[in-house]
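Down below is the structure, laid out as structure tokens.
Residue numbers (my numbering), protein chains in the order written: chain F, 1 to 398; chain R, 1001 to 1144.
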């Protein structure tokens, strides 16, 4: 966290980081006009005030079939996960509704949701979820709550940090709108050793792994909207180097209304792991598109020639801005992506800036097209098994 | 309590970074995993697949010491068992670098120990290696 707080004044870095960056991207996209399927989104420092490249929106939750509702902002918009997770007031979040608890045969349903750099622990509850003019009823959501039962040892033995506080999460919740409808799928509905151990039944404070049917797992709310439920578009304007704030739109549905047609976007089918491929310097790697990753995370120093930062091994710190190119593909459709990586420590020295076009970092053997990829593009995420004018999901298109 | 123990024992578990290759066999005896051995030029790769679909590859030097592990699957392997005596070093380094950014890779680079976690929900990937015990001809890019 301290790393994010260190942003000394250094305006010259803006022009440094700008060298070669941005030129490949077109001017601002037209931002969709306000409509019942359009939700404002913003890249800013988030509710904890220290998030770099965090894409946020607000979500309204209601106790099912009542007018007992609460609108919560500072929710991270994440195409790299599936399902809505809300930080409880016990975790320092804003949620103060009492939502009905989901039950399993062995008690209250709890969940250990693994993310790469941390896990969220809490109960599974149901809520009516409203975003823009869309409403999904009885959606299973995770209420992130460090005081819910006892965190199972199997959850802790992943070794990654517990992200059950506002400081650790940097958000009031996560809106997972990736290409799948449920966060786990069939594996978590099975009993025995093939169950990956994401869901628990908790009697009192003691929790044991539980088999939870797919429809009762935490759901991507978009998939439960009565219409505009086949996917989502993230639209953000182009950016040169860095900024304090960047406004955009999240549009629900693909080809369902006049404001969400695919147009000239190329379609890239996604495999069962939620991935396609990216070729860099002649080698092909697994890849994914993730608005919840705050940089372009790819490969390592050996492969890219860029060293990591001395005070954070999670970002690249090249001595000068590197102009790079890679090809995203999924079978025959392919597209060259030009991008630049600047020195992260120099970027973070721009006090007051929280949006960075050229932020990059390492990632073992993988290409993670994080938030900077979305700047200057309309990125479509189609949900599994849902039909669109360009075929059935899951796919990305841009 | 008995049920809780049974659940723990049925979780995928693997051999241990920095220990002898015989620990691969020991683990295989009580976890539900299949294994195949792939001899490479300077080392042997033991590949295990758990019932939950997590594939772990363990890299053993000619002297039989496991100098690296790599994993891939719909969830993380039991890192505590996989990293053995290095788990606490990894865990405390991971906690120390807590920062907002829920899906950024987690990279620990210590003298002698490198751990890299990447991927996303439903698909995790990573590797850990003892940089001062890697055979000199082996590149860290081969660990995957």
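All residues carry an ideal CB built from backbone N, CA and C; glycine is no exception.
Query: Distance between residue 1112(R) and residue 289(F) (C-alpha atoms, nearest Å); Result: 33 Å
Query: Helix, strand or coil at residue 1105(R) according to DSSP, with G and I counted as helix; Result: coil
Query: Close Cβ partners of residue 261(F) (< 6 Å) along its chain, the five nearest in sequence each way excluded; Result: 255
Query: is_contact[residue 159(F), chain R] using C-beta, thresh 8 Å; Result: yes
Query: Counterpart residues of residue 182(F) in DSSP-defined beta bridges; Result: 219(F)
Query: 7 Å Cβ shell around residue 1011(R) - same chain, five flanking residues per side excluded; Result: Its pLDDT being 37, under 50, residue 1011(R) is placed unreliably by the model, and the measurement read from it follows with that caveat. Hits under 7 Å: 1078.
Query: DSSP-derived helix/strand/coil call for residue 1076(R); Result: coil
Query: Where residue 378(F) falls: helix, strand or coil (DSSP); Result: strand
Query: Within 8 Å, strictly: CB atoms of residue 144(F) and residue 86(F); Result: yes
Query: Test: residue 339(F) CB closer than 8 Å to a CB of chain R; Result: no
Query: Extent of the continuous beta strand (DSSP E) to which residue 188(F) belongs; Result: From DSSP, residue 188(F) is part of no beta strand (DSSP E); its letter is neither H nor E.
Query: Minimum Cβ-Cβ distance from residue 306(F) to chain R less than 8 Å; Result: no
Query: The stretch 147 to 167 of chain F in contact with the stretch 196 to 206 of chain F per 3-pair CB rule at 8 Å; Result: yes
Query: DSSP state of residue 140(F) mapped onto helix, strand, coil; Result: strand
Query: Burial state of residue 335(F), where buried means 16 or more other Cβ atoms lie within 10 Å; Result: exposed
Query: Cut-off 6 Å between Cβ atoms - residues of its own chain near residue 205(F), not counting five sequence neighbours on either side; Result: 149 and 150
Query: DSSP state of residue 1086(R) mapped onto helix, strand, coil; Result: helix
Query: For residue 1095(R), the three-state DSSP class (helix, strand or coil); Result: helix
Query: Residue 400(F) burial status per 10 Å Cβ neighbour count (16 or more: buried); Result: For chain F, the structure presents residues 1 to 398; residue 400(F) sits outside this window and is missing.
Query: Buried or exposed (CB count within 10 angstroms, at least 16 for buried), residue 283(F); Result: exposed
Query: Euclidean distance between Cα positions of residue 174(F) and residue 376(F); Result: 23 Å
Query: Pairwise C-alpha distance: residue 1067(R) and residue 207(F); Result: 35 Å
Query: Partners in chain F for residue 1095(R), counting only beta-carbon separations shorter than 7 Å; Result: 161
Query: Burial state of residue 2(F), where buried means 16 or more other Cβ atoms lie within 10 Å; Result: Caution applies to residue 2(F), whose pLDDT of 32 falls short of 50 and renders its modelled position unreliable; the model cannot decide the point.
Query: Own chain partners of residue 314(F) with C-beta closer than 6 Å, once the 5 adjacent residues on each side are dropped; Result: 361
Query: Chain R residues whose Cβ lies nearer than 7 Å to that of residue 365(F); Result: 1125 and 1144
Query: Residue range of the unbroken beta strand (DSSP E) whose run includes residue 363(F); Result: 363 to 369
Query: Residue 22(F) - DSSP class collapsed to helix/strand/coil; Result: The predicted position of residue 22(F) is uncertain, since its pLDDT is 35 and thus under 50; a value taken from the coordinates is nonetheless stated next. The answer is coil: DSSP assigns residue 22(F) none of H, G, I, E or B.
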